[in-house]
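Below is one structure, written out as structure tokens; the observations come after it.
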Amino acid sequence: MAVIFITGMSGTGKSTVLGELARLGYRVVDTDYGDWMEDVPAPDGTGTELQWREDRITELIAEHEVSGVPLFISGTSRNQGEFYPRFDQVILFSAPLEVMLERIAARETNQFGKTLDERERVIKDTAEVEPLLRASATMEIDTRQLLTETVSQLRDLIGQVKTGKP
6 MAVIFITGMS GTGKSTVLGE LARLGYRVVD TDYGDWMEDV PAPDGTGTEL
56 QWREDRITEL IAEHEVSGVP LFISGTSRNQ GEFYPRFDQV ILFSAPLEVM
106 LERIAARETN QFGKTLDERE RVIKDTAEVE PLLRASATME IDTRQLLTET
156 VSQLRDLIGQ VKTGKP
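In the numbering used here, the protein residues as written are 6 to 171.
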């Protein structure tokens with residue numbers, strides 16, 4: 006069964022789409038919440054950063070592989086690329102920076118991005134990280150479209166994985 010990974014910058018709609026997929030009965034995991042992340046030493050030695058707990062992600066995918074149901078995983082982590090071979094699709098959610106910042110300012114479910122420092126981090130990360138995500142994605146979805154259209158595109162991917170069609 007399909008394992009679809011959704012990545013992207015803050016404010017691109019990952020959590021919103023996962024919420025709708027869950028409402029429709031799909032299994033979803035948002036790695037921004039729960040015990041999916043851990044602090045590890047930063048590569049430059051200046052402290053720590055959050056990364057996926059590789060043991061938890063490995064266990065999740067292994068459990069899924071025998072479950073027979075589609076799985077949507079969402080998040081953005083420095084070590085996510087280590088799992089790309091286990092994903093059927095790597096989907097980049099994107100939107101113009103102005104749209105992302107408006108969404109971040111308006112959302113009530115996640116406080117990240119509300120301070121000036123965090124907004125500056127979003128701007129910096131979008132310039133530096135998003136191109137790397139784009140280069141490794143199998144598909145990009147512009148999330149300015151209606152939520153139902155984004156969800157429909159993801160649901161269509163499940164059928165493509167099941168039938169082996171590109």
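In this text, a Cβ means the ideal position worked out from N, Cα and C, and glycines have one as well.
Inter-residue distance for S157 and R126 is about 31 Å (C-alpha atoms, whole angstroms).
In its chain, beyond the 5 residues on either side, Q56 have a beta carbon closer than 6 Å to the beta carbon of R83. For V156, the secondary structure class from DSSP, reduced to helix, strand or coil, is helix.
Here the alpha carbons of V71 and T120 stand approximately 43 Å from one another. Where S99 is concerned, the enclosing beta strand (DSSP E) starts and stops at 94-99. Cβ contact annotation for G86 (same chain, cutoff 8 Å, sequence separation greater than five): S141, in chain order. Per DSSP, the continuous beta strand (DSSP E) segment holding D35 begins and ends at 32-35. Rounded to the nearest whole angstrom, the C-alpha separation of I11 and D161 is 14 Å.
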